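Take a look at the structure set out below.
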Amino acid sequence: MNMLYLDKAFPGILDSLRDVEATSIAFDRELLRLHIEAESREYYSDSEINRAEEALKKAYCLDEARIRISYILPAPSENQGEAKPKNGEKDPDAPKKERDKGPKPDDDKIILGKACSFVPMPIKDALRAEGDVCIRGKVFACESREIPKNEAELMAFFIGDSSGALAVSKYFSKEDANLGTYKKVKDDMYLKIQGSIKPSKYNGEMTMNPKSIEISERPPVREDKAERKRSELHLHTRFSTMDALTDVGAAIKRAEAWGHPAIAITDHGSAQGFPDAWKVAPGAKTKVIYGMEGYLINDVDERLAVHGKSSLPLDSEFVAFDVETTGLRPNKDRLTEIGAVIFKDGEMKETFGTFVNPEMPIPDKIVELTGIHDSDVMSAPNEAEALRAFMEFCGDRPVFAHNADFDIGFLHAAAEGNGIDFAPVYCDSLVMAQALLPELKRYKLDIVSSFLGLPDFNHHRAYDDATVVARIMGKFFPMLREKGVNTLGEIDSVLSESREGIIKNQRPKHIIILVKNPVGKKNLYELISESYLKTFHRNPLVLKSSIIKRREGLIIGSACESGELFRSMVRGAGDEELCRIAEFYDYLEIQPICNNRFLIAEGKAESDDDLREFNLRIARIAEKLGKPLVATGDVHFLDPEDEILRHILLAGKKFADADKELPIYFKTTDEMLEEFAYLGPELCEKAVIDNPNDIAMQCEDIELLPKGRLFAPVIENSDTELRDLVYGKMHELYGENPPAIVQERVDTELNTILDHHYDVIYMSAQKLVQNSIEHGYLVGSRGSVGSSIVAFMSGITEVNSLPAHYRCPKCKYTDFESGKGFGCGADMADKVCPVCGEMLAKDGFDIPFETFLGFPGSAKTPDIDLNFSGEYQGKAHKYTEELFGSDHVFRAGTIGALADKTAYGYVKKYFEERNVTASEAEIMRLALGCVGVKRTTGQHPGGLVVIPQDMDV
Numbered sequence: 023m024n025m026l027y028l029d030k031a032f033p034g035i036l037d038s039l040r041d042v043e044a045t046s047i048a049f050d051r052e053l054l055r056l057h058i059e060a061e062s063r064e065y066y067s068d069s070e071i072n073r074a075e076e077a078l079k080k081a082y083c084l085d086e087a088r089i090r091i092s093y094i095l096p097a098p099s100e101n102q103g104e105a106k107p108k109n110g111e112k113d114p115d116a117p118k119k120e121r122d123k124g125p126k127p128d129d130d131k132i133i134l135g136k137a138c139s140f141v142p143m144p145i146k147d148a149l150r151a152e153g154d155v156c157i158r159g160k161v162f163a164c165e166s167r168e169i170p171k172n173e174a175e176l177m178a179f180f181i182g183d184s185s186g187a188l189a190v191s192k193y194f195s196k197e198d199a200n201l202g203t204y205k206k207v208k209d210d211m212y213l214k215i216q217g218s219i220k221p222s223k224y225n226g227e228m229t230m231n232p233k234s235i236e237i238s239e240r241p242p243v244r245e246d247k248a249e250r251k252r253s254e255l256h257l258h259t260r261f262s263t264m265d266a267l268t269d270v271g272a273a274i275k276r277a278e279a280w281g282h283p284a285i286a287i288t289d290h291g292s293a294q295g296f297p298d299a300w301k302v303a304p305g306a307k308t309k310v311i312y313g314m315e316g317y318l319i320n321d322v323d324e325r326l327a328v329h330g331k332s333s334l335p336l337d338s339e340f341v342a343f344d345v346e347t348t349g350l351r352p353n354k355d356r357l358t359e360i361g362a363v364i365f366k367d368g369e370m371k372e373t374f375g376t377f378v379n380p381e382m383p384i385p386d387k388i389v390e391l392t393g394i395h396d397s398d399v400m401s402a403p404n405e406a407e408a409l410r411a412f413m414e415f416c417g418d419r420p421v422f423a424h425n426a427d428f429d430i431g432f433l434h435a436a437a438e439g440n441g442i443d444f445a446p447v448y449c450d451s452l453v454m455a456q457a458l459l460p461e462l463k464r465y466k467l468d469i470v471s472s473f474l475g476l477p478d479f480n481h482h483r484a485y486d487d488a489t490v491v492a493r494i495m496g497k498f499f500p501m502l503r504e505k506g507v508n509t510l511g512e513i514d515s516v517l518s519e520s521r522e523g524i525i526k527n528q529r530p531k532h533i534i535i536l537v538k539n540p541v542g543k544k545n546l547y548e549l550i551s552e553s554y555l556k557t558f559h560r561n562p563l564v565l566k567s568s569i570i571k572r573r574e575g576l577i578i579g580s581a582c583e584s585g586e587l588f589r590s591m592v593r594g595a596g597d598e599e600l601c602r603i604a605e606f607y608d609y610l611e612i613q614p615i616c617n618n619r620f621l622i623a624e625g626k627a628e629s630d631d632d633l634r635e636f637n638l639r640i641a642r643i644a645e646k647l648g649k650p651l652v653a654t655g656d657v658h659f660l661d662p663e664d665e666i667l668r669h670i671l672l673a674g675k676k677f678a679d680a681d682k683e684l685p686i687y688f689k690t691t692d693e694m695l696e697e698f699a700y701l702g703p704e705l706c707e708k709a710v711i712d713n714p715n716d717i718a719m720q721c722e723d724i725e726l727l728p729k730g731r732l733f734a735p736v737i738e739n740s741d742t743e744l745r746d747l748v749y750g751k752m753h754e755l756y757g758e759n760p761p762a763i764v765q766e767r768v769d770t771e772l773n774t775i776l777d778h779h780y781d782v783i784y785m786s787a788q789k790l791v792q793n794s795i796e797h798g799y800l801v802g803s804r805g806s807v808g809s810s811i812v813a814f815m816s817g818i819t820e821v822n823s824l825p826a827h828y829r830c831p832k833c834k835y836t837d838f839e840s841g842k843g844f845g846c847g848a849d850m851a852d853k854v855c856p857v858c859g860e861m862l863a864k865d866g867f868d869i870p871f872e873t874f875l876g877f878p879g880s881a882k883t884p885d886i887d888l889n890f891s892g893e894y895q896g897k898a899h900k901y902t903e904e905l906f907g908s909d910h911v912f913r914a915g916t917i918g919a920l921a922d923k924t925a926y927g928y929v930k931k932y933f934e935e936r937n938v939t940a941s942e943a944e945i946m947r948l949a950l951g952c953v954g955v956k957r958t959t960g961q962h963p964g965g966l967v968v969i970p971q972d973m974d975v
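Numbering (the working numbering), first residue to last: 23 to 975.
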């Protein structure tokens with residue numbers, strides 16, 4: 023019988039699935055579905071199979087392609103479950119002596135039994151298999167538990183791969199020689215294990231009883247085989263709140279392994295991923311670019327009440343208009359009605375109204391909303407005729423509409439589709455309402471009309487809506503005159519003064535900000551600070567006006583579909599408007615169509631071809647303006663198999679589409695070139711490789727913090743003050759001629775502290791402690807500060823770190839000899855002074871100073887931990903502001919990340935809500951993948967950050 027192998031049946035498409043034999047191929051011509059059942063002795067990951075399915079869909083224009091592979095397992099022999107391999111691995115008919123040789127084991131790698139003789143399979147397949155199987159994966163949650171009753175020990179751990187996880191456990195008697203070797207198994211090791219899988223009699227979980235365990239190599243990662251490599255300029259890390267899972271260091275190392283010239287860190291609204299990136303950046307061959315995906319509020323030229331230039335006085339004639347359409351997509355839907363009225367100071371002068379033949383059926387839901395039927399528009403003028411008639415009615419008068427971008431978007435689409443020049447000055451009554459009526463929460467036309475006391479009207483009919491717009495402007499013009507507005511051109515300058523209204527009513531867009539040099543780094547930090555402290559509204563909002571002020575050293579990208587350029591295009595803005603928006607950006611960004619498929623579900627696009635056309639339109643705008651076109655991946659996790667983890671995060675945020683497929687993983691150059699092939703070979707290479715690399719070349723290697731400086735604030739004469747305090751206390755306790763052991767210890771510490779300019783740290787703590795004591799509250803010190811004799815002598819701590827000794831408070835006699843052998847002076851016997859007869863003080867705790875600082879003093883910065891009374895803590899904070907200035911003292915921030923138990927709860931609930939039974943091992947595996955993702959930010963309850971007086975935060 024001839025065998026049909028997939029790489030032979032689909033040459034050039036399924037070459038990656040070698041030795042996979044088709045058992046059935048079913049094709050549904052009507053539904054364009056291809057289903058393949060197959061068998062294989064080799065194992066393929068889900069990502070490999072998914073890529074093969076996508077290749078079939080693309081090659082044959084299919085709606086669905088599914089490949090299901092059943093794996094042929096080696097049959098166990100009678101001798102300890104050894105396999106009878108096929109494909110010539112070991113000939114089962116060979117002499118037994120030769121068969122039993124098996125692979126030569128590497129003794130250093132064998133943990134239990136012999137070398138594994140089976141081919142490893144994915145854990146999810148092993149769970150369905152019978153008999154002995156072999157798996158390979160990463161160890162986590164190791165546990166050892168003694169069984170005193172049986173004088174035995176239970177060794178257990180979980181092992182996971184990208185397909186699932188499994189418990190492994192084995193009993194050993196105390197005398198078993200294998201026990202010690204088995205204890206070599208540690209978390210994060212990669213092992214190959216052979217054995218049988220059965221339900222545990224204790225908890226019912228599927229558990230492997232291992233017969234062979236050996237240390238395995240880490241699984242190979244995806245390779246970037248392209249000759250020329252790209253740079254990724256849009257990557258989110260674990261610090262994009264509950265949205266991304268990428269480990270910063272792992273992403274940089276992956277980019278380096280792939281030979282990528284650069285990688286940009288662009289978390290949502292923060293720079294919290296920068297320190298982790300900085301730890302890896304200096305030793306990496308891949309340049310790290312620091313950046314952010316900001317939440318943009320365009321307070322300059324988006325929510326404009328007036329689009330275009332006009333100096334007409336408010337008592338001029340204007341046109342109010344409205345349109346009805348077959349839907350919400352200017353690029354797909356069509357006009358059905360245009361209504362307009364010429365008005366002056368709210369008084370109607372002339373009217374205009376016409377149905378428009380959309381040359382397409384009107385959807386039922388639109389008929390229900392507007393009352394316009396196909397029969398109404400059948401004999402009406404087409405879009406070109408209706409538009410020309412409307413333009414003739416308007417003349418050169420500015421036009422007004424409520425949410426004018428929508429109406430103008432459809433008129434622009436009709437004009438472009440029919441070769442008509444259409445560029446009126448247009449005004450938006452919605453924007454004016456948001457500024458003039460801040461007490462309203464919603465600004466729909468009927469709500470604004472009712473609030474202004476205007477009569478009821480037939481909403482969603484063009485002429486009636488236009489009439490209401492004219493009446494509304496009759497109310498707004500007097501309000502504008504009261505604010506000093508006399509012409510159309512003055513409206514926006516007056517309304518823009520209400521910044522709060524702009525922030526409240528404008529939906530933020532996304533924007534990419536990359537740091538080019540140290541000046542840009544400072545400017546980015548200032549933008550972030552302002553977004554949290556001055557313009558925060560649900561998100562940290564970055565104002566466009568602020569970006570313009572601080573643009574030096576920054577590179578600005580147009581971002582994803584949530585950017586203002588892409589959104590304006592989707593809502594139907596004309597090329598002139600899109601070019602105006604795009605002029606602000608240094609480069610225009612496009613992303614894989616998978617990132618934007620949700621637009622199809624929302625009805626804003628019909629197919630993947632529409633999504634490609636969006637990107638092609640951005641490409642045309644970039645070419646027209648001479649802007650670089652940059653293809654990015656909008657990376658949210660490292661590898662395809664990590665996508666399930668993001669589904670869990672989004673489900674935890676109650677997203678309805680949490681399970682929707684969205685493979686926004688770190689893509690290779692080849693994958694991106696294939697994704698954007700529709701741009702054409704030359705433009706594709708520019709967008710994927712050349713332009714991102716050119717932008718990366720503009721970015722300098724950045725030091726987040728200069729080396730070799732403490733950045734301490736200034737306290738006048740802190741060095742002199744510290745020296746006086748320390749020597750004064752030393753002489754008070756030990757006399758004018760202290761013992762050498764005291765003098766040398768104090769001199770050594772104090773000189774080291776002063777040489778490294780740590781005196782400010784000591785004096786800051788000293789003044790805080792002294793102020794607290796003066797207010798009647800004792801201060802407890804903790805940690806290694808107790809090893810510092812300078813801290814004791816200056817009054818920061820009550821711990822005397824000298825060796826145990828006697829000292830006389832009266833005559834200053836000292837005895838260190840008697841303290842030898844005592845760890846603490848308090849343990850010594852009571853004794854009177856042999857000189858003056860006074861009762862001797864017993865002092866000293868014998869703590870070496872190196873515990874605190876290290877020598878020669880550069881080993882670490884002093885860390886003085888103080889515990890203030892809860893009642894006094896607020897006053898301590900206030901006193902710190904008095905010391906250093908309120909503009910230089912800030913409450914320390916905190917980052918709340920998903921911890922083990924919280925992550926476990928997220929995963930468990932995820933499966934419960936989907937009625938899916940998951941093993942404890944699988945829940946643990948996925949939970950570990952979520953650990954460390956930023957969940958919240960907050961304020962430290964007690965920690966303060968002090969900025970030097972010659973710098974700002």
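All C-beta atoms in this analysis are idealised placements derived from N, C-alpha and C, irrespective of residue type, glycine included.
If you're wondering where the values come from, they're calculated on a predicted model, not measured in any experiment.
In its chain, beyond the 5 residues on either side, Ile-311 and Lys-538 have a beta carbon closer than 6 Å to the beta carbon of Cys-721. Counting every other CB atom within 10 Å of its CB across the protein chains shown gives His-797 a total below 16, marking it as exposed. Contact annotation: the region 636 to 655 touches the region 709 to 724, with at least three C-beta pairs closer than 8 Å. When only Cα atoms are considered, Val-42 and Asp-661 end up about 24 Å apart.
According to the DSSP assignment, His-256 belongs to the beta strand (DSSP E) that extends over 254 to 257. Taking a C-beta distance under 9 Å as the contact criterion, Ile-364 and Arg-325 do not qualify as a contact pair. For Tyr-926, the CB contacts under 6 Å within the same chain, skipping 5 residues up- and downstream, are Ala-949 in chain order. At least 9 Å separates the beta-carbon of Arg-252 from that of His-290.
A direct Cα-Cα distance of roughly 29 Å separates Val-736 from Ser-553.
Below 8 Å, enough C-beta pairs join the region 588 to 598 and the region 351 to 369 to call them touching: three or more. Residue range 586 to 592 is occupied by the alpha helix (DSSP H) that includes Met-591, with no beta strand (DSSP E) assigned at that position. Excluding sequence positions up to five before and after Ile-724, its CB lies within less than 7 Å of the CB of Tyr-312, Val-537, Pro-540 and Lys-543, all in the same chain and listed in chain order.
Per DSSP, the continuous alpha helix (DSSP H) segment holding Glu-645 begins and ends at 630 to 647.
One Cα belongs to Ala-284, the other to Lys-309, and the distance between them is close to 4 Å. For Arg-88, DSSP records a beta bridge to His-57.
Taking 3 residues as the minimum length, the beta strand (DSSP E) runs contained wholly in the region 796 to 845 are 802 to 804 and 827 to 829, in order along the chain. Residue environment for Gly-330: exposed (fewer than 16 other C-beta atoms within 10 angstroms of its C-beta). By the C-beta density criterion, Tyr-82 is exposed, having fewer than 16 other C-beta atoms within 10 angstroms.
Ser-195 carries a strand assignment under DSSP once its states are collapsed to helix, strand and coil.
With distances taken between CA atoms, Leu-862 lies nearest to Ala-851 out of Ala-851, Asp-130 and Glu-693. In the structure shown, Ile-763 falls within a helical segment according to DSSP collapsed to helix, strand and coil. Going by DSSP, His-669 is part of the alpha helix (DSSP H) stretching over 665 to 674. Here the region 51 to 68 lies against the region 28 to 40, with 3 or more beta-carbon pairs under 8 Å apart. With a beta-carbon spacing of about 6 Å, Ile-215 and Ile-157 fall inside the 8 Å limit used to define contacts. Beta-bridge partners assigned by DSSP to Cys-449: Val-328 and Phe-422. Residue pairing from DSSP leaves Cys-601 without any beta-bridge partner. Exposed is the label assigned to Met-400, since fewer than 16 other Cβ atoms lie within 10 Å of its Cβ. Of the candidates Thr-348, Asp-130 and Asn-480, the residue whose Cα lies closest to the Cα of Gly-625 is Thr-348. The beta carbon of Glu-893 is closer than 8 Å to those of Tyr-799 in its chain, skipping five residues each way along the sequence.
Residue state for Cys-706 is assigned as helix, using DSSP reduced to three classes.
For the options Leu-638, Ser-397 and Leu-747, the alpha carbon positioned closest to that of Cys-706 is the one of Leu-638. Fully contained in the region 866 to 923 are the following alpha helix (DSSP H) runs of length 4 or more, in chain order: 895 to 906. With fewer than three CB-CB distances shorter than 8 Å, the region 897 to 907 does not count as touching the region 832 to 846. Cβ-Cβ distances below 8 Å link Ala-914 to Gln-961, His-962, Gly-965, Leu-966 and Val-967 in the same chain, with the five nearest sequence neighbours on each side left out; the list follows chain order.
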